[in-house]
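Letter 308 of the sequence shown, counting from 1, is numbered 308 in this note's numbering, and no numbers are missing. All C-beta atoms in this analysis are idealised placements derived from N, C-alpha and C, irrespective of residue type, glycine included.
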Amino acid sequence: MNPDLLLSTSPELTDDDAGGHGARWGVFDDDVPSLMGKWLGVAVNDAEASRFGMNDPFALGQLVAQGEPSAFALLHTGQARGEGQAGLMALIHQDPGGPDHAPRNALWSAFPFFGDGRQVLAEVEEIGVFPNRIEARLRLGLSSGAVVFAFDSGFVQSRAVYRAGERYRFVLSALAYDMGPAQSLDHVIDDADEIRRFHARNAWSEVHGGWTMEDEAASLAAWQPQSPEDLEPIHINLGQMAVLLPSSTGPADDAQYVGEVVQVTPRAVRVLDVDFWRVDTVVIRAEEDVVIPIYVAEHLFENDWRPEVGQYVTGSLWLQAYALGLEKSPT
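Spelled out as structure tokens, the structure:
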């Protein structure tokens, strides 16, 4: 295998680390086996070749010749060919046959796919390859400085192109396991010493790019209040933050989130007879905020609540991404 390819040095995840897609299909129906029994055959027979993700047929052919599995992706959207951007993505393994059996294709995986997302620039810092070798989870270093973990929905074809140190343009989107209004949690700092520490740490971080306990004495010495207001109690609303935390109990592409809604599209797509809202949400605050379109099944909303622009929401999600292409450095 080409040593320049990230795949050549990528760790292979265990089944437990990789996680399965059952919980994702559980968003559609609690009875996942019945859901798959109803839709899988129909979807595969009525699917089209996926057009999402980078592809280098020659490089991919070389990988397969060196022993990597041969496979391709089919997408069922329920719409006219070439029009849909969301649906059931099926990964089909191609067995070339041998002395004791004929060539055959077999379904190796299927997952919900949402291709209409937001573009970001990112470096692939690490690839966690699934045991089947045609799926993977990426650690992406975004141009904003943030790091996210995402399932690579185009890995079956993009696996032959990722190289260390290169930046790619990715499309990010997410499937919500749940979504609701973030509770307003007002935390008040009213101790005079703690107020000083709070301002001193922030001021030190702005100048030095960070703060540790070793900096406490120096930061307190460096900060002086500029007005009486600087020593007034500090109110922090913990329900109005932007946070994306990888799951501590499941695969890292599952995450908990809190964020501000910036755009809402009711019933943006319909997948396997389920209506999904698209809720674009700021999940990471940075010089350039990270906004992720979160697709939420309508039946997951409790009672009459619906997300609105400007509202803060919280829940859990599954983050997915696919590469559009290499971002070339300006000359």
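List the endpoints of the continuous beta strand (DSSP E) containing residue i.
i: L317; result: 312 to 326
i: Q85; result: Careful: Q85 lies outside any beta strand (DSSP E) and carries neither H nor E.
i: R51; result: R51 -> no beta strand (DSSP E), and no H or E assigned at all.
i: R137; result: 136 to 142
i: D275; result: 274 to 284
i: F130; result: No beta strand (DSSP E) contains F130, which DSSP labels as neither H nor E.
i: D152; result: 147 to 152
i: V243; result: 243 to 246
Figure out for me which residue from the options has the closest Cα to the Cα of residue i.
i: E260; options: A102, G20, A182; result: A182
i: F151; options: R24, V274, T281; result: R24
i: G154; options: Y177, A49, E229, R81; result: A49
i: D46; options: Q79, A65, V32; result: Q79
i: A242; options: Y312, D230, E166, I92; result: Y312
i: V188; options: W223, G87, N202, E232; result: E232
i: E298; options: H199, A323, V269; result: V269
i: S173; options: G117, R197, D215; result: G117
i: G335; options: R278, P3, N55; result: The question about residue 335 has no answer, for the chain in this structure spans 1 to 331.
i: G250; options: P3, D16, T9; result: D16
i: I134; options: S158, L140, V124, A146; result: S158
i: A86; options: W277, E288, R169; result: W277
i: E288; options: S10, L107, Q119, T9; result: Q119
i: P57; options: V156, R197, A106, M213; result: V156
i: G165; options: D191, D95, V124, P3; result: V124
i: A217; options: E83, Q240, I234, R196; result: R196
i: N2; options: D29, A321, Q62, Q224; result: Q62
i: S247; options: S8, R306, Y177, Q224; result: Y177
i: A65; options: D275, P96, R81, Q224; result: P96
For residue i versus residue j, is the C-beta spacing smaller than 8 Å?
i: Y257; j: V290; result: no
i: G115; j: V27; result: no
i: D280; j: P266; result: no
i: V309; j: Q263; result: yes
i: W318; j: L121; result: no
i: A323; j: G53; result: yes
i: S316; j: A252; result: no
i: I127; j: L142; result: no
i: L88; j: L272; result: yes
i: H93; j: A43; result: no
i: Y162; j: L5; result: yes
i: V148; j: L244; result: yes
i: S144; j: A286; result: yes
i: A73; j: L91; result: yes
i: G98; j: T314; result: no
i: W204; j: D215; result: yes
i: S219; j: R201; result: yes
i: D230; j: H199; result: yes
i: E327; j: Y168; result: yes
Going by the DSSP bridge assignment, what does residue i pair with across the sheet?
i: I189; result: I234
i: N105; result: Q94
i: A176; result: L317
i: H299; result: For H299, which the question treats as bridged, DSSP gives no partner whatsoever.
i: Y168; result: A122, L326
i: A80; result: In the DSSP output, where bridge partners are listed per residue, A80 has none listed.
i: Q226; result: DSSP lists no partner for Q226.
i: A200; result: The partner list for A200 (beta bridge, DSSP) is empty, contrary to what the question assumes.
State the start and end residues of the unbroken alpha helix (DSSP H) segment that holds residue i.
i: S34; result: 32 to 45
i: Q183; result: Segment: none, Q183 is in no alpha helix (DSSP H) and carries neither H nor E.
i: Q66; result: Segment: none, Q66 is in no alpha helix (DSSP H) and carries neither H nor E.
i: V309; result: From DSSP, V309 is part of no alpha helix (DSSP H); its letter is neither H nor E.
i: A252; result: It is not in any alpha helix (DSSP H) - A252 carries neither H nor E in the DSSP assignment.
i: A221; result: 216 to 222
i: E155; result: Here residue 155 turns out to be Phe, not Glu, going by the sequence shown. Element bounds for F155: 155 to 158.
Beta carbon of residue i: closer than 7 Å to some heavy atom of the ligand SAM?
i: Q85; result: By its list of ligands, the structure shown contains no ligand whatsoever, and the ligand SAM lies outside what it can speak to.
Check your understanding: Would the region 62 to 74 and the region 30 to 39 be scored as touching if the rule is three or more Cβ pairs under 8 Å?
Key -> Fewer than three Cβ pairs drawn from the region 62 to 74 and the region 30 to 39 lie within less than 8 Å of each other, which leaves the two stretches out of contact.
Check whether the region 7 to 25 touches the region 102 to 114, counting contact only when three or more Cβ pairs, one atom from each stretch, lie closer than 8 Å. The region 7 to 25 is in contact with the region 102 to 114.
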